[in-house]
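Data first, discussion second: the structure below is written as structure tokens.
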Amino acid sequence: RTLIGQELAGSDVIIVSNREPYIHSAGPDGIRCAIPAGGLVSALEPIARGCGGTWIAHGSGSADRETVDDQDRIQVPPDNPSYALRRVWLSPEEEKGYYLGFANEGLWPLCHNAFVRPIFREDDWNHYKTVNARFADAVIEEARTEAPIVIVQDYHFSLLPRMIRERLPNATIVTFWHIPWPNAEVFGICPHATEILDGMLGSDIIGFQVPLFRINFVECIDRTLESRINHENWSVRYGGKTSQVRTYPISIAWPDQPLRTAISSPTAREALGIKPGAKLILAVGRLDYTKGIPEFLQAFEDLLTQHPEHCGRVHLYYVAAPSRGEVTSYRTLHKDCLRISQAINDRFGTEDYKPLLFADRHADRDELSRLYREADVCVVPSLHDGMNLVAKEFVAEREDEQGVLILSRFAGAIQELPEALAVNPFDLSKLTATLRAALKMPRTEQTERMRRMRETVRSKNIYRWAGRLLEDAAHVRARNQLLRRG
Ligand code: G6P
Numbered sequence: 085r086t087l088i089g090q091e092l093a094g095s096d097v098i099i100v101s102n103r104e105p106y107i108h109s110a111g112p113d114g115i116r117c118a119i120p121a122g123g124l125v126s127a128l129e130p131i132a133r134g135c136g137g138t139w140i141a142h143g144s145g146s147a148d149r150e151t152v153d154d155q156d157r158i159q160v161p162p163d164n165p166s167y168a169l170r171r172v173w174l175s176p177e178e179e180k181g182y183y184l185g186f187a188n189e190g191l192w193p194l195c196h197n198a199f200v201r202p203i204f205r206e207d208d209w210n211h212y213k214t215v216n217a218r219f220a221d222a223v224i225e226e227a228r229t230e231a232p233i234v235i236v237q238d239y240h241f242s243l244l245p246r247m248i249r250e251r252l253p254n255a256t257i258v259t260f261w262h263i264p265w266p267n268a269e270v271f272g273i274c275p276h277a278t279e280i281l282d283g284m285l286g287s288d289i290i291g292f293q294v295p296l297f298r299i300n301f302v303e304c305i306d307r308t309l310e311s312r313i314n315h316e317n318w319s320v321r322y323g324g325k326t327s328q329v330r331t332y333p334i335s336i337a338w339p340d341q342p343l344r345t346a347i348s349s350p351t352a353r354e355a356l357g358i359k360p361g362a363k364l365i366l367a368v369g370r371l372d373y374t375k376g377i378p379e380f381l382q383a384f385e386d387l388l389t390q391h392p393e394h395c396g397r398v399h400l401y402y403v404a405a406p407s408r409g410e411v412t413s414y415r416t417l418h419k420d421c422l423r424i425s426q427a428i429n430d431r432f433g434t435e436d437y438k439p440l441l442f443a444d445r446h447a448d449r450d451e452l453s454r455l456y457r458e459a460d461v462c463v464v465p466s467l468h469d470g471m472n473l474v475a476k477e478f479v480a481e482r483e484d485e486q487g488v489l490i491l492s493r494f495a496g497a498i499q500e501l502p503e504a505l506a507v508n509p510f511d512l513s514k515l516t517a518t519l520r521a522a523l524k525m526p527r528t529e530q531t532e533r534m535r536r537m538r539e540t541v542r543s544k545n546i547y548r549w550a551g552r553l554l555e556d557a558a559h560v561r562a563r564n565q566l567l568r569r570g
């Protein structure tokens, strides 16, 4: 972690993401500053801190907009200001068109095989372009040199790399795409496919989670743009410039000081509503139709129906954090999940047994850590997922080397965690059978699998992800400098 900072000390590094690394919200004692959940901030913060760089993000949820004079640019973290957070404020129309519309009703379903139809509205596209251009202005304003290193995050900014390149030709631009990249046929549905690919190829390096997404991306380029592709080193020559297409599976920070909560203490379990002696199946994720929530609820119901010996002996705790509630498909999903959960509890619940605890709320780090440690089985039933960090978080918390991970074949994480029980969440009968097998897995087998998974997650952690990405950026930058000198 320190190494990343040292190597880059003094470099002009700019990170761009839609979400802020610090969320400011108004509370009774004034402005509160919180770190959002997720791996992105822990991965990129050491970089921003180490080099005193700048982080540019959409200023949503920033309650201090009205209360702080110079709200566009503040120093963070609050307790030890070491880098600048530059907020780009969007109008409600821009937020609706760029974020809810084009990014989340267009690109998100386009990139995930969840059979939700992408919606492309011309108006949303125009806002997406405008907002990308506004972020490009912010990058240009924040750049301290003519050759900054700019690290662009995710599908909200596919046009940004080209926009930066046009104005800062010597910048080193790295784009990391956190979600899946679809095959060429699917991607071709997007009316703006050409502009998006052209936009991304403004980057020196384009990073994906797993090899398949890189293959799909290169195939899309091949079909769409006049370019030269080198399949040996995964580079694309286009418009007189070369972009490297790489894979960097994202990860988590290995916990420095794991919580020492007693595992399986009867009181902790009772507090959760778990019957004494019953087993706990845990699932955690955003309330998103890509996460396979209704599918898994159905598998759980099938388990109780087909194998009634589990009634009273097993609970499912589902933490589903509401997400993107302004989008219709998300609201419908939320209602469906509540309805299905109620039906399961009505059918199988008794006075002292509630089979399903469906928590449609955010859970903080400490609560999740305790739940991961209590769970007998953790299930990640995503229909499609770029990586899925819940799987890695569960493994990281299991110092006791116990617990079974059931992981979707369609989550990027399965490639690094083959010791998990892999499932196809569309195949309900197998999903139910896997759940049964997980509940019966002998402790020695749990240890064997968990030990290997822990070795993987410990070594392939978030600092390695950031380190590899920056090392490649440094090589590209050095090569470009040499080429410029002639
Ligand atoms: C995915 C995306 C992230 C995004 C996150 C939460 O993991 O890859 O870019 O931040 O979902 O979604 P939200 O729309 O709440 O930022």
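Each position in the sequence shown, counted from 1, maps to that position plus 84 in full-length UniProt numbering. Built from N, CA and C at the ideal position, the CB exists for glycine as well.
Given R552, which residues of its chain have a CB within under 7 angstroms of its CB, disregarding the five upstream and five downstream residues? Sequence-distant partners of R552 (beyond 5 residues in either direction) whose C-beta falls short of 7 angstroms from its own C-beta, in its chain, are Y332.
Can you tell which of N102, E269, P161, V97 has its C-alpha closest to the C-alpha of E226? Among N102, E269, P161, V97, the Cα nearest to that of E226 is on V97.
Shorter than 7 angstroms, the distance from the beta carbon of D238 to the closest heavy atom of ligand 1, or not? True, at least one ligand heavy atom lies under 7 angstroms from that Cβ.
Could you tell me if the beta carbon of S407 falls within a distance shorter than 7 angstroms of some heavy atom in ligand 1? Proximity of the beta carbon of S407 to ligand 1 is indicated: a heavy atom of the ligand is located closer than 7 angstroms.
Does the separation of the CB atoms of I248 and V223 fall below 8 angstroms? Their beta carbons are under 8 angstroms apart, which means I248 touches V223 by this criterion.
Residue environment, T256, which counts as buried when at least 16 other CB atoms sit within 10 Å: So T256 counts as buried.
Whole beta strand (DSSP E) runs in the region 117-186 with 3 or more residues, listed along the chain? Fully enclosed beta strand (DSSP E) runs of no fewer than 3 residues occupy 138-142, 157-160, 167-172 of the region 117-186, in order along the chain.
Reducing DSSP to helix, strand and coil, say where V200 ends up. In the structure shown, V200 sits in coil (DSSP, three-state: anything other than H, G, I, E or B).
In three-state DSSP terms, what is G470? If DSSP states are grouped into helix, strand and coil, G470 belongs with coil.
Have a look at S287 and A355 and give me their C-alpha separation to the nearest angstrom. Each residue's alpha carbon lies about 50 angstroms from the other.
For W209 and H276, which I take to be in contact (beta-carbon distance under 8 angstroms), what is that distance rounded to the nearest angstrom? By a beta-carbon distance limit of 8 angstroms, W209 contacts H276. Their separation comes to about 6 angstroms.
Ligand 1 heavy atoms versus the CB of I313: any closer than 7 angstroms? I313 Cβ: outside cutoff for every heavy atom of ligand 1.
At what residue ranges does the region 452-531 contain a whole run of the alpha helix (DSSP H), taking only runs of 4 or more? Counting only runs of at least 4 residues, the region 452-531 fully encloses the following alpha helix (DSSP H) elements, listed from N- to C-terminal order: 473-481, 512-524.
DSSP-derived helix/strand/coil call for T256: Reduced to three states, the DSSP call for T256 is strand.
V236 versus E539 - alpha carbon distance: CA-CA distance, V236 to E539, rounds to 30 angstroms.
Between the Cα of residue 572 and the Cα atoms of Y414, F442, R520, which residue gives the shortest distance? A question about residue 572 goes unanswered here, because the residues of the chain that appear run from 85 up to 570.
Residue range of the unbroken beta strand (DSSP E) whose run includes S101: S101 -> beta strand (DSSP E) spans 97-101.
With H, G and I counted as helix, E and B as strand and the rest as coil, what does DSSP make of N267? If DSSP states are grouped into helix, strand and coil, N267 belongs with coil.
Any non-hydrogen atom of ligand 2 within 7 angstroms of N197 CB: Because ligand 2 does not appear in the structure shown, any question about it cannot be addressed here, the ligands present being ligand 1.
Endpoints, the beta strand (DSSP E) within which R312 is located: 312-314 is the span of the beta strand (DSSP E), which, as asked, contains R312.
Can you name, in chain order, every residue of its own chain whose Cβ lies under 7 angstroms from the Cβ of G433, other than the five neighbours on each side? Correct list, in chain order: P439.
Quick one: what's got a C-beta closer than 8 angstroms to H211's C-beta in the same chain, skipping five residues either side? Counting only residues of its own chain and dropping the five nearest sequence neighbours on each side, H211 has a CB closer than 8 angstroms to the CB of E177, E178, K180, G181, Y182, G185, F186.
First through last residue of the alpha helix (DSSP H) which encompasses R568: For R568, the enclosing alpha helix (DSSP H) begins and ends at 546-569.
For A522, does the count of other Cβ atoms within 10 angstroms reach 16, so buried, or fall short, so exposed? Flag for A522 reads buried.
In terms of alpha-carbon separation, which member of V258, I115, R312, V464 lies closest to H559? Nearest C-alpha to H559 among V258, I115, R312, V464: V258.
For Q293, which three-state DSSP category applies? In this structure, Q293 counts as coil in the three-state DSSP scheme.
Could you tell me the alpha carbon to alpha carbon distance between G487 and D306, rounded to whole angstroms? One C-alpha to the other measures close to 44 angstroms.
Are the region 472-491 and the region 350-364 in contact at 8 angstroms, needing three or more beta carbon pairs? In short, these stretches do not touch, since the Cβ pair count stays below three.
Beta strand (DSSP E) segment containing A110, residue limits: That run of the beta strand (DSSP E) goes 107-111.
Buried or exposed (CB count within 10 angstroms, at least 16 for buried), I99: By the neighbour-count rule (16 or more Cβ atoms within 10 Å), I99 is buried.
Quick one: is the Cβ of R370 within less than 7 angstroms of any heavy atom of ligand 1? Flag set: Cβ of R370 near ligand 1.
What are the residues that DSSP puts in a beta bridge with I235? Residue pairing from DSSP places I235 in a beta bridge opposite I99, V258.
Check: I263 C-beta below 7 angstroms from any heavy atom of ligand 1: In terms of side-chain proximity, the C-beta atom of I263 is found nearer than 7 angstroms to a non-hydrogen atom of ligand 1.
Simplified DSSP assignment, three categories, for S425: In this structure, S425 counts as helix in the three-state DSSP scheme.
Report the three-state DSSP secondary structure of H391 (helix, strand or coil). In the structure shown, H391 adopts coil according to DSSP, grouped into three states.
Could you check where the alpha helix (DSSP H) with L281 kicks off and where it finishes? Note, L281: alpha helix (DSSP H), 277-284.
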